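Numbering (UniProt numbering), first residue to last: 1 to 348.
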Amino acid sequence: MPSTKPETIDWISNLRLIALYAVIILHCSSPLLMQYGKVPAADWWAADFLNALTRFGVPAFVMITGALLLPREYEIGSFLKKRLSRVVVPFLFWSLVYVWYSWYNEEITFGADAWANIRQVLHLLKTGSSYHLWYVYMLIGLYFFIPVIGKFVRNASEKEIIYFLVVWFGVMLITQPYFMRYNPSVDMHYFAGFAGYLVLGYYLANKDFNIKYLRFWMFLLFLFSVGLIAIGSRLLIAYPIYPGTMLYEPVNPAVLLLAISAFMLAKLTVPKVSPAITRARDFAGKFNYGIYLAHALVLYFLDDLFGIGYKLGIPILSIPLTALICFMISLLLVWIINKIPFGKWVSG
Numbered sequence: 001m002p003s004t005k006p007e008t009i010d011w012i013s014n015l016r017l018i019a020l021y022a023v024i025i026l027h028c029s030s031p032l033l034m035q036y037g038k039v040p041a042a043d044w045w046a047a048d049f050l051n052a053l054t055r056f057g058v059p060a061f062v063m064i065t066g067a068l069l070l071p072r073e074y075e076i077g078s079f080l081k082k083r084l085s086r087v088v089v090p091f092l093f094w095s096l097v098y099v100w101y102s103w104y105n106e107e108i109t110f111g112a113d114a115w116a117n118i119r120q121v122l123h124l125l126k127t128g129s130s131y132h133l134w135y136v137y138m139l140i141g142l143y144f145f146i147p148v149i150g151k152f153v154r155n156a157s158e159k160e161i162i163y164f165l166v167v168w169f170g171v172m173l174i175t176q177p178y179f180m181r182y183n184p185s186v187d188m189h190y191f192a193g194f195a196g197y198l199v200l201g202y203y204l205a206n207k208d209f210n211i212k213y214l215r216f217w218m219f220l221l222f223l224f225s226v227g228l229i230a231i232g233s234r235l236l237i238a239y240p241i242y243p244g245t246m247l248y249e250p251v252n253p254a255v256l257l258l259a260i261s262a263f264m265l266a267k268l269t270v271p272k273v274s275p276a277i278t279r280a281r282d283f284a285g286k287f288n289y290g291i292y293l294a295h296a297l298v299l300y301f302l303d304d305l306f307g308i309g310y311k312l313g314i315p316i317l318s319i320p321l322t323a324l325i326c327f328m329i330s331l332l333l334v335w336i337i338n339k340i341p342f343g344k345w346v347s348g
């Protein structure tokens with residue numbers, strides 16, 4: 001298949017920023033979402049809706065990675081050195097920041113035994129010192145796989161790529177909790193996980209779909225997916241035999257449909273905006289990774305020090321507002337760190 005065209009960069013830049021804001025909204029809504037039965041039903045439904053609406057964020061990140069990196073030929077050593085240095089160094093810095101926050105918030109303590117303290121820090125670095133850092137561990141794993149899967153997609157026919165995606169979707173389906181009972185004892189983990197999103201992003205970015213009213217159909221699919229995730233998750237609460245968060249998981253059919261529709265809507269919708277807005281988008285886009293790493297810390301302090309969170313007002317409004325405030329402060333924080341000597345190495 002032909003590689004991504006230059007004109008697609010604008011929509012990818014748009015989607016990357018939208019996906020980042022979506023992830024922050026998701027994290028703003030999650031504390032309220034976990035309060036089912038303890039808060040007014042309308043408030044919980046607002047959190048459930050916003051959570052469902054924004055679940056495309058992380059899959060979209062991975063699909064963008066596939067769209068941008070898989071078309072290119074790499075020397076494996078230089079690719080890993082370049083990519084991992086950009087990811088791992090800021091990740092380690094922010095991981096230690098979150099270790100500090102855990103100590104500051106009295107979630108962990110340090111004693112007189114220096115070696116015990118070091119072991120505790122290493123354990124946090126191994127498992128993740130903040131809830132959102134799981135994404136970085138997953139991304140690092142994907143980077144090791146990209147030179148191999150990239151070679152495949154660049155030389156594969158469209159039929160072979162579709163075959164990969166169909167099998168990936170099938171494995172995703174039969175590994176869902178409800179279907180596990182029907183899962184044959186065939187080891188299909190080779191097709192499991194986020195790697196499929198890489199290939200999907202590459203395929204959707206490069207495929208010219210000659211389908212009438214495609215943007216309209218993608219909009220309907222987006223609405224359907226949001227409804228499926230939001231209403232389905234509420235219904236699952238009544239059946240504790242299945243995880244109540246099953247439909248929120250990034251690698252599941254409902255979120256897959258949501259991610260496809262969001263990705264395609266971004267591709268098919270490139271609004272004409274003023275140069276000032278484009279410059280602002282590109283400026284924020286330079287710090288996308290740093291904003292992701294920093295935003296959880298900003299959310300902690302917004303809530304702890306200023307009471308800014310879902311309780312600020314009506315949740316359907318206060319959650320997106322909190323996310324926007326968090327986004328802007330995180331951008332400012334990362335920009336300031338970037339201006340400090342050697343800060344660009346750790347800011348993200």
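Ideal Cβ positions, reconstructed from N, Cα and C, are used throughout, including at glycine. It should be emphasised that the depicted structure is a prediction, and the values quoted were computed from it without experimental measurement.
- The straight-line gap separating the alpha-carbon atoms of residue 100 and residue 121 is approximately 10 Å.
- For residue 152, same chain residues with a beta-carbon under 6 Å away, outside a window of 5 residues either side, do not exist.
- Contact between the region 77-95 and the region 267-287 is absent: fewer than 3 CB-CB pairs across the two stretches fall below 8 Å.
- Nearest to residue 178 by C-alpha distance, out of 218, 18, 252, 20, is 252.
- By the Cβ rule, the region 42-62 counts as touching the region 196-205, because three or more pairs are nearer than 8 Å.
- By the Cβ rule, the region 325-335 counts as touching the region 299-317, because three or more pairs are nearer than 8 Å.
- Judged by their CB atoms, residue 319 and residue 29 are nearer to each other than the 9 Å cut-off.
- Distance check between residue 53 and each of 294, 225, 104, 145 places 225 closest, using alpha-carbon atoms only.
- Around the CB of residue 322, 16 or more other CB atoms lie within 10 Å, so the residue is classed as buried.
- Exposure of residue 72 is indicated by the presence of fewer than 16 other C-beta atoms within 10 angstroms of its C-beta.
- Boundaries of the alpha helix (DSSP H) around residue 338: 315-339.
- For residue 14, the uninterrupted alpha helix (DSSP H) segment begins and ends at 9-33.
- In this model, residue 227 and residue 123 are separated by some 39 Å (Cα to Cα).
- A straight-line Cα-Cα distance of about 42 Å links residue 42 and residue 110.
- Across the set 249, 148, 212, 158, the C-alpha of 249 shows the shortest separation from the C-alpha of residue 55.
- Cα atoms of residue 25 and residue 143: separation of roughly 27 Å, rounded to the nearest angstrom.
- Contact check for residue 20 against residue 229 fails: the beta carbons are separated by 9 Å or more.
- Restricting attention to 12, 212, 36, 11, the CA atom closest to the CA of residue 245 is found in 36.
- Taking every protein chain shown into account, the CB of residue 342 has fewer than 16 other CB atoms within 10 angstroms, so this residue is exposed.
- The three-state secondary structure of residue 36, taken from DSSP, is coil.
- By the criterion of a C-beta distance shorter than 6 Å, residue 347 is surrounded in its chain by 290, 334, 337, 338, once the five residues flanking it on both sides are discounted.
- The region 253-266 and the region 211-221 touch, with no fewer than 3 CB-CB distances between them shorter than 8 Å.
- When secondary structure is reduced to three states using DSSP, residue 107 falls in the coil class, being assigned neither helix nor strand.
- Just so you know, the alpha carbons of residue 125 and residue 97 end up roughly 11 Å apart.
- Per DSSP, the unbroken alpha helix (DSSP H) holding residue 62 starts and ends at 57-69.
- Separation of residue 80 and residue 259 (C-alpha to C-alpha, rounded to the nearest whole angstrom) is 27 Å.
- The shortest C-alpha to C-alpha distance from residue 64 to any of 22, 112, 50, 13 is the one to 13.
- Close CB contacts of residue 146 within its chain, under the 6 Å cut and outside five residues either way in sequence, are with 69 (chain order).
- Each of 313, 174, 149 was checked against the Cα of residue 185, and the nearest Cα belongs to 174.
- Boundaries cannot be given for residue 309, as no alpha helix (DSSP H) includes it and DSSP labels it neither H nor E.
- Ranking 33, 82, 16 by CA distance to the CA of residue 345 puts 82 first.
- With respect to residue 205, residue 168 sits apart: the two C-beta atoms are not nearer than 9 Å.
- For residue 82, the secondary structure class from DSSP, reduced to helix, strand or coil, is helix.
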